[in-house]
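Following: one structure in structure tokens, then a few remarks.
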């Protein structure tokens, strides 16, 4: 469980998160909102790239903001980025292995853990191939493999399906849905593809202008009139 | 049929070098062993003393370019102070060789460690900045080191901390190891030390630090998200590069036997970075090639009566060429071009022969 309270982030004159309070319980949760709503900023606060001006984050009863950012990975925080960040100089195997080795889990189980993660996302090709030989979709899957290896507790996926064709999105959505039962991690996904969000997420939170405007079971939230207004800009009645 | 096989070969995944099919890996190791034996055994027999000296310098500089290659190519940190770092290593080694009777390899190790501390301090700004500003700061610090060395001079067997005696009429030569007293023997000795440094880097690249550096070079935030302590690994890169450069300085001290501060010009660091970029900062072969370009090429030109100053222009053009058409340097481009040339030469022959599949 992760509880963010009264989170505020300002970049100069822009208030990116404005007293955001939200709780994510378990399973796969969605985080949606129009462009500039503060979704990625929220992820950046969790992974330590942005220091909030105010607010607290408790993750599984630990103060997340007090941890140095590189230690959060050891603690069990994993994230992917909007622009996919597979490391091109390394092989597929090494890409996943490096996340495992910095999670301080011991080297004896590493090989198996890495191969398991690759099998979980469905990357069944040569694990020692270089990343540059992979397709765009496979590179996205590799990122997910990096996120699920080595006992994650909190997995943040930032637009994991951006730029993917429909059939690859379907496979990715199946993988994302299985992350909580496979790893036990709370998974939070940001995406603009509402069919992907409804397919993967039991609960969904909606941000608009740095504030939480709705949170609850996904189907209900997507029908919520505030949410419709935030997305479509319906006139006030 | 023929088309199908072609497609399969083309789409076969590119494997990382560590996991090549064993036959190819063995061939590679075989070629490397033959090459090393040639350099160690045959070269000193056929070369004149003039070229043996130049090759010893190339062996020394290969450790410096190797260190710079780790910084620039693997981590993305630009240093313009490596020649000054080498001067620190040479100073420390010379001081220890005059003051103590320790075996030569031990002195090299100590000089490397002393330089490692100094070079890591030089790298501290790297924690805060990258690119141009880091390069500028390392250049200024290197300039400061040169100024200090010009005033204190290199040790010449005198007493005190500096070990410099301005009044001594007879300056003793820096000693060499007993097994490598002659120039050809010292050349072999330098090559073996250089091989040890290349192996040290290889071990780093194949393990945890290598993977962490690859992540840092591509994206610092992605590295942090993967749990890499980027500060620690950047300092580690500076420590490793400085250690090797310090060892190089020690080997240099034994090679030239008399050290003068004029040998270590701050502007040489700039040329060195240019040549490393031109030869290829991303491969170990690039380091060898860069060392040959900065040390052997001037010796060749001198011998032919061409002023070595022309090299500055040549290196300038080389960097321009590398940055515009071959960002991974000559070490990457030349084999590719040769393969392409071989392909072009083979093609007409294949076209005239009947395709394999159609004969069935």
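Chains as they are written, first to last, in this note's numbering: chain R, 218 to 454; chain W, 59 to 418.
No residue lacks a Cβ here, since even glycine has one placed at the ideal position from N, Cα and C.
Tell whether a beta-carbon distance below 8 Å holds between residue 180/W and residue 199/W. What you label residue 180/W is simply residue 122 of the second chain in a count that begins at 1. What you label residue 199/W is simply residue 141 of the second chain in a count that begins at 1. Yes. Within cutoff.
Drop a sphere of 10 angstroms on the beta-carbon of residue 261/W, count the other beta-carbons inside from all chains shown, and report buried for 16 or more, exposed for fewer. Looking up residue 261/W in the second chain gives position 203. That one is exposed.
Just tell me which of 231/R, 412/R, 377/R and 424/R has its CA closest to the CA of residue 446/R. Counting from one through the first chain, the residue named residue 446/R turns up at place 229. For the residues 231/R, 412/R, 377/R and 424/R, the minimum Cα distance to residue 446/R belongs to 424/R.
Beta-carbon within less than 8 Å of residue 273/W's beta-carbon, same chain only, minus the 5 sequence neighbours each way: which residues are those? Position 215 of the second chain, counted from the start, is the residue given in the question as residue 273/W. Taken in chain order, the residues that qualify are 280, 281, 284 and 286.
I'd like to know whether the C-beta of residue 266/W is nearer than 8 Å to at least one C-beta of chain R. The residue given as residue 266/W occupies position 208 in the second chain. It does; some Cβ of chain R falls within 8 Å.
Between which residues of its own chain and residue 397/R is the CB-CB distance below 6 Å, once the five residues before and five after are set aside? To locate residue 397/R, count along the first chain from 1; it is residue 180. Excluding sequence neighbours, residue 397/R sits near 244, 245 and 404.
Short CB-CB distance (under 8 Å) between residue 316/R and chain W: Numbered from 1 along the first chain, position 99 holds the residue referred to as residue 316/R. So yes, residue 316/R belongs to the interface.
Nonlocal neighbours in the same chain, by C-beta distance under 6 Å from residue 255/R, ignoring five residues either side: The count along the first chain starts at 1 and reaches residue 255/R at position 38. Result list for residue 255/R: 233, 234, 424 and 427, in chain order.
If you draw a straight line from the alpha carbon of residue 303/W to that of residue 348/W, how long is it in whole angstroms? Residue numbering aside, residue 303/W sits at position 245 when the second chain is read from its first letter. Residue numbering aside, residue 348/W sits at position 290 when the second chain is read from its first letter. Roughly 15 Å between the two C-alpha positions.
Residue 238/R bridges to which residues according to DSSP? Sequence index remark: in the first chain, residue 238/R carries index 21 (1-based). Its beta-bridge partners do not exist; DSSP assigns none.
Does the distance from the C-beta atom of residue 24/W to that of residue 317/W stay below 8 Å? Chain W is shown from 59 up to 418; residue 24/W falls before or after that span and cannot be answered.
Between residue 377/W and the rest of its own chain, which residues show a CB-CB distance below 6 Å, the 5 nearest in sequence each way excluded? Within the second chain, the letter at position 319 stands for residue 377/W. For residue 377/W, where only same-chain residues beyond five positions count, the Cβ hits under 6 Å are 332, 335 and 336.
Which residue comes first and which comes last in the alpha helix (DSSP H) that contains residue 267/W? Residue 267/W sits at position 209 when you count from the first residue of the second chain. Here the alpha helix (DSSP H) through residue 267/W covers 266 to 276.
Can you check whether the CB of residue 110/W is closer than 8 Å to the CB of residue 428/W? Since the first and last residues shown for chain W are 59 and 418, residue 428/W lies out of range.
For the candidate residues 162/W, 271/W, 350/W and 327/W, whose alpha-carbon lies nearest to that of residue 7/W? Past the edges of chain W, shown from 59 to 418, lies residue 7/W, and the structure says nothing about it.
Could you have a look at residue 216/W and say whether DSSP puts it in helix, strand or coil? Stepping through the second chain from its first residue, residue 216/W is reached at position 158. Coil at residue 216/W, not helix or strand.
Hey, quick one: how far does the beta strand (DSSP E) through residue 295/R stretch, first residue to last? Reading the first chain from its first residue, position 78 is the one you call residue 295/R. 294 to 296 is the extent of the beta strand (DSSP E) around residue 295/R.
Look up residue 425/R in the DSSP assignment and say whether it is helix, strand or coil. As a working mapping, residue 425/R is identified with position 208 in the first chain. Strand.
Kindly indicate which residue of 383/R, 306/R, 288/R and 257/R has the alpha-carbon position closest to the one of residue 348/R. In the first chain, the residue the question calls residue 348/R occupies position 131. Comparing Cα positions, the closest option is 306/R.
Cutoff 8 Å: residue 285/W Cβ touching any chain R Cβ: Within the second chain, the letter at position 227 stands for residue 285/W. Yes, because at least one Cβ of chain R sits closer than 8 Å to the Cβ of residue 285/W.
Under a CB-based cut-off of 8 Å, is residue 341/W close to chain R? Counting from one through the second chain, the residue named residue 341/W turns up at place 283. For residue 341/W, the answer is no, since every Cβ of chain R falls outside 8 Å of its Cβ.
Between residue 293/R and residue 370/R, how many whole angstroms is the CB-CB distance? I'm expecting something under 8 Å. Counted from its first residue, the first chain places residue 293/R at position 76. Counted from its first residue, the first chain places residue 370/R at position 153. Correct: roughly 3 Å between the Cβ atoms.
Could you work out which residues of chain W lie near residue 290/R, taking near to mean beta carbons separated by less than 9 Å? Locating residue 290/R in the first chain gives position 73, where the first residue counts as 1. The contacting residues are 282, 283, 284, 285 and 286.
Within chain R, the residues that residue 276/W reaches when beta carbons sit closer than 8 Å: Stepping through the second chain from its first residue, residue 276/W is reached at position 218. Residues of chain R passing the Cβ test: 302, 304, 305 and 306.
When burial is assigned at 16 or more other CB atoms within 10 Å of the CB, is residue 382/R buried or exposed? Residue numbering aside, residue 382/R sits at position 165 when the first chain is read from its first letter. Residue 382/R is exposed by the Cβ-count criterion.
According to the Cβ coordinates, are residue 408/R and residue 431/R closer than 8 Å? Counting from one through the first chain, the residue named residue 408/R turns up at place 191. Counting from one through the first chain, the residue named residue 431/R turns up at place 214. Taking 8 Å as the Cβ cut-off, residue 408/R and residue 431/R do not qualify as a contacting pair.
Using 10 angstroms around the beta-carbon of residue 294/W, count the other beta-carbons present and answer buried if the total reaches 16, otherwise exposed. The residue labelled residue 294/W in the question sits at position 236 within the second chain. Answer is buried; the Cβ neighbour count reaches 16.
For residue 375/R, count neighbouring Cβ atoms within 10 angstroms of its own Cβ and tell me buried if that reaches 16, exposed if not. Sequence index remark: in the first chain, residue 375/R carries index 158 (1-based). By the 10 Å Cβ count, residue 375/R comes out buried.
Restricting to Cα atoms, I'd like to know which of 215/W, 208/W, 85/W and 220/W is closest to residue 324/W. If you number the second chain from 1, residue 324/W lands on position 266. Ranking the options by Cα distance to residue 324/W, first place goes to 208/W.
Which residues does DSSP list as the beta-bridge partners of residue 406/R? Here residue 406/R corresponds to residue number 189 of the first chain, with the count starting at 1. Partner(s): 247/R and 374/R.
Would residue 442/R be called buried (16 or more neighbouring beta carbons within 10 Å of its own) or exposed? If you number the first chain from 1, residue 442/R lands on position 225. Exposed is the call here.
Residues of chain W with CB closer than 9 Å to the CB of residue 375/R, please, in chain order. Counted from its first residue, the first chain places residue 375/R at position 158. Here the premise fails: no neighbours, minimum Cβ distance about 10 Å.
Tell me which residue opens and which closes the alpha helix (DSSP H) that residue 195/W is part of. For the purposes of this step, residue 195/W is identified with residue 137 of the second chain, where counting begins at 1. Start and end: 189 to 210.
Can you tell me which of the three DSSP states residue 280/R falls into? In the first chain, the residue the question calls residue 280/R occupies position 63. Correct three-state label for residue 280/R: strand.
When you measure from the CB of residue 388/W to every non-hydrogen atom of the ligand NAP, does any distance come out below 7 Å? Among the ligands in the structure shown, none appear at all, so the ligand NAP cannot be discussed.
State the Cα-Cα distance for the pair residue 400/W and residue 327/R, rounded to the nearest angstrom. Taking the second chain and counting its residues from 1, one reaches residue 400/W at position 342. Taking the first chain and counting its residues from 1, one reaches residue 327/R at position 110. Each residue's alpha carbon lies about 42 Å from the other.
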